[in-house]
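Numbering (this note's numbering), first residue to last: 14 to 789.
Heads up: the structure comes next, in structure tokens.
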């Protein structure tokens, strides 16, 4: 009599409103974005391999007589079984509605959706007339054969290059193209990910662990009670730090070298005179002299500064604001500023005792400079100006201004008053011992921040920069601009007056995941840069460049060697834990703060290892090793995913008009901060309204009891807090946290049975793990 399957009874009180995502998508999607293998060259985005090739190429030889340009690349042999049909274009069909191209690389599906218009089309896959098969990726050896033979499961990478040869006019230096040659070059074999998210390298199954590292962007931290520090961290390139000391002098430090005055840096950016620097940061106040006395005139910016102070003040709104020179800015004057954008008020001559001149005050007749920019306004200022027939000047009030007197003190201390002196000063700090020239100093400074080949702020860095400083620069702007530095300095100086917010470096909004695709992209770039140097030398010494073809110049060994070295010996490339299906899935979902460009376990303090409120639903607070790696190696939570910028997102159900809907949104830690989120176990009526008036919720990382009309989101499941391994523990909520940690680790070490048996008590996660690990 056949054995009867046991009936599984579900005793869960809380229904799950969404299915668990594929558990190894974090690996597969990252590698797909890196290769873009099944896309035609014109369909590819500027990411992964495509991005690396376009960032390194084109380049010329040292004499600029020839240049090498990248055209396209192809990965793998796409053909039918008999080899008659070749190429990815045979896996495309036109939409019956709008005519755009649709990818048909799933030949067994009956219908396909058009990505442009959304119309469902019948899947018309082109098949070979001879063998009757559609085009598919043809592999030389299968995964099993590679494991048996000790080989690498890989596909060929072929790259098409174009070589241009120029004639250069010796007198004018103008180049004319003499010849252009295009050729496809075999670049080498690149490892291919298996369906289970692993790599077969020399016959062994390996996993690339994702790395959790500090995101590029701008970060503001508090150093002491009254001093703050701003860091601009790029993805690739020079770090810049702005800081000020107890004496209120602004300093800049590039790449942790010796610091120098902030005004020197600003002059190198183009603000060459003291007046230009002060005008960039301080609010100008006009002073008009007449026979009857003096009058101050100012615009809307004064009111904006006062409102900014009030927004961040514990006292809140004041009915009458006392601004510079003892002026009372009441509601009537505020309304006039809002309406006319200007207000004027009579003042005493001694009201300017804390002011400084914003620009040079010059006698219009003789050209004599009466007062220099940044000079304090003297007691006899009115007499001096009347004596030289100067009717109007512009001043500033450093102590009242949000920027404070730090920048003014820095300008007064600075002795290098010209652009040339400033740029040479920076060169001396960066290259001590090298004799500076103006050209070399300019080239060094330009290359540090404004050259896309040497500096990459990245889409992520620009995205974070825009959010922090409330800008809307395009995310494709991957180098810095002078305005970016001005905004950062402005924000840093305002922090002293409690306007703005410092950053928490352990917040998951400031840490991002570098998955397998991005790690490989970095290795590929290192190899390509090495290859570029070798090609440039070959171009310069080649005897007959006219008859040379791209394959004569290109030696791809440095690139393939960099890839092999990464897979073979990198700290993040690990032999897969194959004890049981759970250990495989857990290994693929692991996040490590260690590795190249990350932390070291000796230097990592307690804060970086600790559980942070933003880990909720993103990183499991339970599953982590017990030894020296505690808190540095973590696991993704069950429902979490990684977005295109590398930030971890978790799902929530939307609450609209006080009703919980079944619409699910994924949010990162930054986006979640402004929401009040109810827990998944909050009781809900059949119509979606909350049963209780007061609901246990989270807001900005704090737990509180919130009114039901304040709730904007709700957790999708109690499981979303923990990882897959912890979610397999029955009655986890009754466990001690330390025992749960050990339990989730010990499950990964369980020896699988020859004949699998269903558990007596399960949590519903067992089938998901078996499916996504490839065990069933």
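Ideal placement from N, C-alpha and C gives every residue a C-beta, glycine not left out.
- Nearest in C-alpha terms to residue 313, of all of 355, 756, 576, is 355.
- Residue 556 and residue 565 have their C-alpha atoms roughly 12 Å apart.
- For a cut-off of 8 Å, the C-beta gap from residue 462 to residue 493 is around 4 Å, short enough to register as a contact.
- With a beta-carbon spacing of about 6 Å, residue 678 and residue 665 fall inside the 8 Å limit used to define contacts.
- CA-to-CA, the gap between residue 574 and residue 715 works out to about 49 Å.
- Scanning its chain for C-beta atoms nearer than 7 Å, with the 5 sequence neighbours on each side dropped, one finds around residue 597 the residues 589, 590, 591, 786, in chain order.
- DSSP places residue 727 in the uninterrupted beta strand (DSSP E) bounded by 726-728.
- In the three-state DSSP reduction, residue 590 falls in the coil class, being neither helix nor strand.
- At the C-beta level, residue 571 and residue 544 come within 7 Å of one another.
- Residue 114 has its alpha-carbon roughly 27 Å from the corresponding atom of residue 195.
- Here the alpha carbons of residue 735 and residue 706 stand approximately 28 Å from one another.
- In the DSSP assignment, the residues bridged to residue 181 are 188.
- The DSSP-derived three-state label of residue 397 is helix.
- Secondary structure at residue 423: helix, using DSSP grouped into helix, strand and coil.
- Under DSSP, the beta-bridge partners assigned to residue 241 are 235.
- The criterion of a C-beta distance shorter than 7 Å is not satisfied by residue 486 and residue 248.
- The beta-bridge partner set that DSSP reports for residue 702 consists of 672.
- Unbroken beta strand (DSSP E) stretches of 3 residues or longer found wholly inside the region 73-118: 79-88, 90-92, 105-107, 114-116, given in chain order.
- In this structure, residue 651 keeps its C-beta atom at 7 Å or more from the C-beta atom of residue 549.
- Within the DSSP secondary-structure output, residue 194 pairs in a beta bridge with 176.
- Taking a contact to require three or more Cβ pairs closer than 8 Å, the region 160-179 and the region 79-98 qualify as touching.
- Runs of the alpha helix (DSSP H) spanning 4 or more residues and lying entirely within the region 279-329 occur at 287-294, 313-324, in chain order.
- In the same chain as residue 172, and ignoring 5 residues on each side of it, the C-beta atoms closer than 6 Å to its own belong to 86, 198, 200, in chain order.
- For residue 133, the uninterrupted beta strand (DSSP E) run begins and ends at 133-135, by DSSP.
- Below 8 Å, too few C-beta pairs join the region 136-144 and the region 507-526 to call them touching: fewer than three.
- Residue environment for residue 91: buried (at least 16 other C-beta atoms within 10 angstroms of its C-beta).
- In the structure shown, residue 611 adopts coil according to DSSP, grouped into three states.
- Looking at the DSSP output, residue 149 shares a beta bridge with 92.
- Just measuring C-alpha positions, the residue of 340, 218, 97, 467 sitting nearest residue 157 is 218.
- In this structure, the straight-line span from the alpha carbon of residue 704 to that of residue 595 is close to 38 Å.
- For the pair residue 502 and residue 540, the Cα-to-Cα distance works out to about 37 Å.
- Inclusion of residue 367 and residue 412 in the CB contact set at 7 Å is warranted, their separation being smaller than that value.
- Per DSSP, residue 750 is one residue of the alpha helix (DSSP H) stretching across 750-760.
- In the DSSP assignment, residue 690 falls within the unbroken beta strand (DSSP E) covering 689-691.
- Just measuring C-alpha positions, the residue of 436, 206, 674 sitting nearest residue 37 is 206.
- DSSP, reduced to helix, strand and coil, places residue 602 outside both helices and strands of the structure shown, so it counts as coil.
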